[in-house]
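S.K.: When the count follows numbering that gives the first Met the number 0, it moves up by one through the sequence shown with no breaks and lands on 139 for the last residue.
Even glycine gets a Cβ: it sits at the ideal position worked out from N, Cα and C.
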Amino acid sequence: MIKFIDNEEKYKNTKIKIARWIFTVLLICIGCLSYWVFFDENPFLKSTSPNRSNLVEITEYGNGFLFGSKNIKVYFKDTKGNIVREEKVRVANIMEPNNKSLYDITWKDENQVKITMNYEGKTKILIYNFNTEQMKISIE
0 MIKFIDNEEK YKNTKIKIAR WIFTVLLICI GCLSYWVFFD ENPFLKSTSP NRSNLVEITE
60 YGNGFLFGSK NIKVYFKDTK GNIVREEKVR VANIMEPNNK SLYDITWKDE NQVKITMNYE
120 GKTKILIYNF NTEQMKISIE
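1) Thinking C-alpha only, which one of 38, 96 and 77 is nearest residue 109?
2) Only counting the same chain, and skipping five residues up and downstream in sequence, which positions put a Cβ closer than 6 Å to that of residue 43?
3) When you compare each of 16, 132, 7 and 104 to residue 123 by their alpha carbons, which one comes out closest?
4) For residue 83, I'd like the list of residues in its chain whose CB is within less than 6 Å of its CB, leaving aside the five on either flank, ordered along the chain.
5) Near residue 106, which residues of its chain fall below 7 Å by C-beta distance, leaving aside the five closest residues on each side in sequence?
6) Report the start-end ranges of each beta strand (DSSP E) in the region 95 to 137 that is 3 residues or longer and not cut off at the edges.
7) Helix, strand or coil for residue 89 per DSSP?
8) On a CA-only basis, which of 52, 38 and 100 is nearest residue 72? Give me that one, please.
9) Consult DSSP for residue 12 and reduce its assignment to one of helix, strand or coil.
10) To the nearest whole angstrom, what separates the beta carbons of residue 91 and residue 121, a pair I think is in contact under 8 Å?
11) With distance defined between alpha-carbon atoms, name the residue in 94, 96 and 138 nearest to residue 114.
12) In chain order, what residues of the same chain have a beta carbon less than 7 Å from the beta carbon of residue 132, not counting five sequence neighbours either side?
13) Helix or strand or just coil, what does DSSP make of residue 58?
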């Protein structure tokens, strides 16, 4: 009788250990998936000023399941690669996936950059001045 009770307790303890292990693995998988969907940044597009003193870098922020990322981050960096400013922009596409052909980065001079984002329903224009650190966003 005592042997039977010990085996039953061992069986319950084993079931609890297995359930904890499965729960831990599922929790880790959900955490990794959440990071990939909401927080992962992938380099997307880079452009340097004519004299290579300033840099604009566009990264996709998060991953959409069907139609790509719905957000981008635009980083404005100085000569040393330090981030001067960053701007998060919502991608205004419904069905079209986000790709490099939607963006046009033009430098007016060494310190002024114009980023044109041609989305499905609208065009967003972002103008940034590295000297004054002022940004202007317009929607057409």
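M.R.: To lay it out plainly:
1) 77
2) 57, 58 and 59
3) 104
4) 75 and 77
5) 48, 49 and 112
6) 102 to 106, 111 to 117 and 122 to 128
7) strand
8) 38
9) helix
10) 5 Å
11) 138
12) 83 and 84
13) strand
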